[in-house]
Amino acid sequence: MRHPHKWGKAVQVTFSFSYVLDTCLAVVGILMFGDGIREAITSNILRTGGFPQGLTVFMCVCVGIIPLTKIPLSARPLITTADILCGLHYEPDAGSDGAGAGAGAGSRRPWVRDLQRASVRVGVVLVLLAISIVFPAFDSVCAFLGAALCTLISIILPIAFYLKLFWDEIPRWERIVSWIIIVVFAILGLAGTACTFLPKSMVDAQIGARF
């Protein structure tokens, strides 16, 4: 960052804006479509009649642009890992035989190395495409990852490590609050994980019976 001392403020503004925007979209979706809302509001709008045709075309264009901008960013760690495993990763400033070059990368011709790196990128995208075709209900996988892993990695383990490191330095009330948070989110994580393995028809039936 150009101004490292503004990191805290930048994080607060960015996450606050994202939280408010997502919350507003969720509230608008519930008010517009109720319990019939899908994973994305765009799906409901495209499947519901009465909206202007221009809006439908505009949303289709935006939905088509999203993968073009999101896939390169999301696949970057996978591509970098594949480059390292294939000996194609190098740092441009390190020179042809610098420390950042992969094994044997300096002996390859530039056009051969560029062709191999392009093949790796195309291959990673094709693998992601194949996964999306083979597993059409990928939202269940994402729900499992969110309920099980994200709850564990983002909430439970950090608090547990904090208690382990600073047990003798933090007050008693903070220990109690931390344990309450761990227990509550452990229960919620287990419940969410169990629900991801239940058939959607059963979950929808239970929700419909309550409301």
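Quick note: the sequence shown uses this note's numbering, first residue 77, plus one each step. Using N, Cα and C, we set each Cβ at its ideal position, and we do this for glycine too.
| If we ignore side chains and look at the alpha-carbon of each, how far apart do T272 and A262 end up? | Whole-angstrom Cα-Cα distance: 15 Å.
* To do: Apply the 10 Å Cβ neighbour rule to V96 and answer buried if 16 or more other Cβ atoms are within range, or exposed otherwise.
  => With fewer than 16 Cβ atoms within 10 Å of its Cβ, V96 is classed as exposed.
Throw me the rounded Cβ distance for the I155 and V200 pair, which I believe falls under 8 Å.
-> A Cβ-Cβ separation of about 5 Å places I155 in contact with V200 under the 8 Å criterion.
| said: For A86 and R185, I'd like the C-alpha separation in whole angstroms. | reply: Taking the CA atoms as reference points, A86 sits about 43 Å from R185.
Can you check whether the C-beta of G268 is within less than 8 Å of a C-beta belonging to chain C? The displayed structure is made up of one protein chain only, and chain C is not part of it.
If you run the structure through DSSP and keep just helix, strand and coil, what is L164? If DSSP states are grouped into helix, strand and coil, L164 belongs with coil.
_Need the endpoints of the alpha helix (DSSP H) that F242 sits in, please._
Per DSSP, the unbroken alpha helix (DSSP H) holding F242 starts and ends at L233 to F242.
Output the distance between the C-alpha atoms of G163 and R248, rounded to the nearest integer angstrom. Roughly 52 Å between the two C-alpha positions.
query = Ordered along the chain, which non-local residues of its own chain (more than five positions away) have a Cβ less than 8 Å from that of G105?
reply = Its chain contains I113, I117 and N120 as the residues whose beta carbon lies nearer than 8 Å to that of G105, once the 5 sequence neighbours on both sides are disregarded; these appear in chain order.
Quick one: what does DSSP say G112 is sitting in, helix, strand or coil?
-> In this structure, G112 counts as helix in the three-state DSSP scheme.
Continuous alpha helix (DSSP H) stretch holding R123: start and end: For R123, the enclosing alpha helix (DSSP H) begins and ends at I117 to R123.
Q) What are the boundary residues of the alpha helix (DSSP H) that includes L228? A) Unbroken run through L228: none, as it is neither H nor E.
Quiz prompt | Own chain, CB closer than 7 Å to L228, minus 5 neighbours either side, in chain order | solution = Only G265 meet the Cβ criterion.
Practice problem: Would you tell me roughly how many angstroms separate the C-alpha atoms of L101 and Q129, rounded to the nearest one? | Solution: Going by the C-alpha atoms only, they are around 21 Å apart.
Taking C-alpha atoms, which residue in S94, F127 and A223 lies nearest to M108?
If we check each option's Cα against that of M108, F127 comes out closest.
So what does DSSP say about I106, is it helix, strand or coil? Helix at I106.
Short check: CB of M135 to CB of L122, under 8 Å? Cβ distance < 8 Å, so M135 and L122 count as in contact.
Q. For A206, is the classification buried or exposed, using 16 other Cβ atoms within 10 angstroms of its Cβ as the cut-off for buried?
A. Under this definition A206 is an exposed residue.
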